[in-house]
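**Student:** 26 is the number of the first residue of the sequence shown in my numbering; add one for each residue after it.
Just so it is clear, CB atoms sit at the ideal spot from N, CA and C, and this is done for glycine as well.
Pasting a structure here, questions to come.
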Amino acid sequence: MIEKTNLKAIDPETLKITKLSTEEDTFFVELPLDRIPQEDWQELFEKELKKTAHPLAIITKPNDSFPIVEPNYPNSLQGDTISIITNPKKLQEDIKLVMQLVKTVNNRIDQHNKEANEQNEKENLKTKNDKETIREMRTLLRKIHPLSKHFNIHNTDAQP
26 MIEKTNLKAI
36 DPETLKITKL
46 STEEDTFFVE
56 LPLDRIPQED
66 WQELFEKELK
76 KTAHPLAIIT
86 KPNDSFPIVE
96 PNYPNSLQGD
106 TISIITNPKK
116 LQEDIKLVMQ
126 LVKTVNNRID
136 QHNKEANEQN
146 EKENLKTKND
156 KETIREMRTL
166 LRKIHPLSKH
176 FNIHNTDAQP
């Protein structure tokens, strides 16, 4: 089972926002997650992320010191933060995009978990049916025990 991961509530007063020195009017915003996502969740997020043209990434920040080094996007899918590079005009749009990505990934997780549960149930039912068949076969064998009385297992070519 893959656990879902969600964004924590965004507090405008404590949200980590850092000015990027390399770009004018560009900021690095860290959106906290409620847990460090499992690898499968991260992979699904990365797939959904690749469908967008936005520079989003889940990163781990080694400590709370600044400045934050800009993430290496292709290899930065780890940690408990979705970080976006944005500007004041696009901040709300970018946060909505992240929220939609997380929702999409969690929907895929629900579907995956449902399918995995259904497969497990099918396998359990098959095992149960197999065990029942074996039990029936054993019951049949007990009814015809001992086998030598019901089946001619002696050499019929031998003379009396």
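(1) If you follow the alpha helix (DSSP H) that threonine 129 is in, where does it begin and where does it stop?
(2) DSSP on leucine 58, reduced to helix/strand/coil?
(3) Compute the Euclidean distance between the alpha carbons of arginine 60 and leucine 122, then round it to the nearest angstrom.
(4) Starting from lysine 72, follow the alpha helix (DSSP H) in both directions and report where the run begins and ends.
(5) Could you check how far apart the C-beta atoms of asparagine 112 and threonine 51 are, in whole angstroms? I think they sit under 8 angstroms.
(6) Do isoleucine 107 and lysine 29 have their C-beta atoms within less than 7 angstroms of each other?
(7) I'd like to know whether the C-beta atoms of phenylalanine 70 and valine 130 end up nearer to each other than 7 angstroms.
(8) Does the beta-carbon distance from leucine 74 to leucine 56 come in below 7 angstroms?
(9) At the level of alpha carbons, what is the spacing between lysine 128 and glutamine 136?
(10) Would you call the CB atoms of leucine 58 and aspartate 105 closer than 7 angstroms?
(11) Here's the rule I'm using: 16 or more other beta-carbon atoms within 10 Å means buried, otherwise exposed. How should aspartate 119 be labelled?
(12) Contact defined as beta carbons within less than 8 angstroms: I believe isoleucine 110 pairs with leucine 45. What is the distance between those atoms, to the nearest angstrom?
(13) Within a Cβ cutoff of 8 angstroms, which residues of the same chain sit near tryptophan 66, ignoring the five residues on either side of it in sequence?
(14) Report the rounded CA-to-CA distance for glutamine 117 versus isoleucine 35, giving the unit in angstroms.
(15) Buried or exposed, going by whether 16 or more other CB atoms sit within 10 Å of the CB of leucine 126?
(16) For threonine 39, which three-state DSSP category applies?
**Tutor:** In short, the structure shows the following:
(1) Counting from one through the sequence shown, the residue named residue 129 turns up at place 104. Element bounds for threonine 129: 116–168.
(2) Taking the sequence shown and counting its residues from 1, the one referred to as residue 58 is at position 33. Note: leucine 58 maps to strand in three-state DSSP.
(3) Taking the first residue of the sequence shown as 1, we reach residue 60 at position 35. Taking the first residue of the sequence shown as 1, we reach residue 122 at position 97. Answer to the nearest angstrom: the Cα atoms are 19 angstroms apart.
(4) One-based indexing of the sequence shown puts residue 72 at position 47. Unbroken alpha helix (DSSP H) run through lysine 72: 64–75.
(5) Against the sequence shown, residue 112 aligns to sequence position 87. Against the sequence shown, residue 51 aligns to sequence position 26. At roughly 6 angstroms, the Cβ-Cβ gap stays under 8 angstroms, so asparagine 112 and threonine 51 are in contact.
(6) Counting from 1 along the sequence shown, the entry for residue 107 is found at position 82. Counting from 1 along the sequence shown, the entry for residue 29 is found at position 4. No, the pair does not count as a contact, with Cβ atoms beyond the cut-off.
(7) On the sequence shown, residue 70 is found 45 positions in, with the first residue counted as 1. On the sequence shown, residue 130 is found 105 positions in, with the first residue counted as 1. Contact: yes.
(8) Position 49 of the sequence shown, counted from the start, is the residue given in the question as residue 74. Position 31 of the sequence shown, counted from the start, is the residue given in the question as residue 56. Not a contact, by the Cβ cut-off of 7 angstroms.
(9) Numbered from 1 along the sequence shown, position 103 holds the residue referred to as residue 128. Numbered from 1 along the sequence shown, position 111 holds the residue referred to as residue 136. Rounded to whole angstroms, lysine 128 to glutamine 136 spans 12 angstroms at the Cα level.
(10) Working through the sequence shown from its first residue, we reach residue 58 at position 33. Working through the sequence shown from its first residue, we reach residue 105 at position 80. Yes.
(11) Indexing the sequence shown from 1 puts residue 119 at position 94. Buried, by the Cβ-count rule.
(12) Taking the first residue of the sequence shown as 1, we reach residue 110 at position 85. Taking the first residue of the sequence shown as 1, we reach residue 45 at position 20. So it is a contact: roughly 7 angstroms between Cβ atoms.
(13) Numbered from its first residue, the sequence shown carries residue 66 at position 41. Excluding residues within five positions, the ones whose Cβ falls inside 8 angstroms are Ile27, Glu28, Lys29, Thr30, Val130 and Ile134.
(14) Taking the sequence shown and counting its residues from 1, the one referred to as residue 117 is at position 92. Taking the sequence shown and counting its residues from 1, the one referred to as residue 35 is at position 10. Near 12 angstroms, if we compare the C-alpha coordinates of isoleucine 35 and glutamine 117.
(15) In the sequence shown, residue 126 corresponds to position 101, counting from 1. Its Cβ being crowded by 16 or more others within 10 Å, leucine 126 is buried.
(16) Locating residue 39 in the sequence shown gives position 14, counting from the first residue. Threonine 39: coil per DSSP, three-state reduction.
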